[in-house]
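*Asks:*
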Amino acid sequence: MVRDDPASRAFAALADPTRRAILEHLAAGEAGVVELAEASTLTQPAITKHLKVLERAGLISRARDGQRRPARLQLEGLAPVDEWLRRAHAAWSDRLDRLEAHLATQTETDD
Numbered sequence: 001m002v003r004d005d006p007a008s009r010a011f012a013a014l015a016d017p018t019r020r021a022i023l024e025h026l027a028a029g030e031a032g033v034v035e036l037a038e039a040s041t042l043t044q045p046a047i048t049k050h051l052k053v054l055e056r057a058g059l060i061s062r063a064r065d066g067q068r069r070p071a072r073l074q075l076e077g078l079a080p081v082d083e084w085l086r087r088a089h090a091a092w093s094d095r096l097d098r099l100e101a102h103l104a105t106q107t108e109t110d111d
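Take this note's numbering: the final residue in the sequence shown is number 111, and no numbers are missing along the way.
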């Protein structure tokens, strides 16, 4: 099942540790491909490929600054991930509460 919704694109982008490292780097401020490549063991073309994935996922934006195309973190790109996690947390909490209540009634009947 392949999905192309914002949450799926964001989760797919975040699944890669290199892309998460790039996002952590960008959390300190904008950076270009050269700066990101210098901070890692990857080549500039490899960094560019990762940036394209992050951009398609809405996690970064890139602008023109002469020859340079700095990347900036886009926190609103994490909104679909945050929303999914909130729903999942609520559902899992509810299930665990019901399990706890069920186990409590089982313990009471065993006494």
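C-beta atoms are modelled at their ideal positions from N, C-alpha and C, and glycine is treated no differently.
Does the stretch 17 to 26 touch the stretch 54 to 73, meaning 3 or more C-beta pairs lie closer than 8 Å?
*Replies:* As far as the Cβ criterion goes, the stretch 54 to 73 touches the stretch 17 to 26, which means the pair count is three or higher.
*Asks:* Rounded to the nearest angstrom, how far is the Cβ of Thr18 from that of Val33, given a contact under 8 Å?
*Replies:* Within the sequence shown, residue 18 is the residue found at index 18, counting from 1. Within the sequence shown, residue 33 is the residue found at index 33, counting from 1. Actually they are not in contact, since the Cβ atoms of Thr18 and Val33 sit about 13 Å apart, beyond 8 Å.
*Asks:* May I have the straight-line CA-CA distance separating Arg69 from Asp97, to the nearest angstrom?
*Replies:* Translated into positions along the sequence shown, residue 69 becomes position 69. Translated into positions along the sequence shown, residue 97 becomes position 97. About 49 Å.
*Asks:* Rounded to the nearest angstrom, what separates Glu76 and Ala101 at their Cα positions?
*Replies:* For the purposes of this step, residue 76 is taken as residue 76 along the sequence shown, with counting starting at 1. For the purposes of this step, residue 101 is taken as residue 101 along the sequence shown, with counting starting at 1. If you take the alpha carbons of Glu76 and Ala101, they lie about 38 Å apart.
*Asks:* Quick check on Arg98: does DSSP put it in helix, strand or coil?
*Replies:* By 1-based counting over the sequence shown, the position of residue 98 is 98. DSSP places Arg98 in helix when its eight states are reduced to three.
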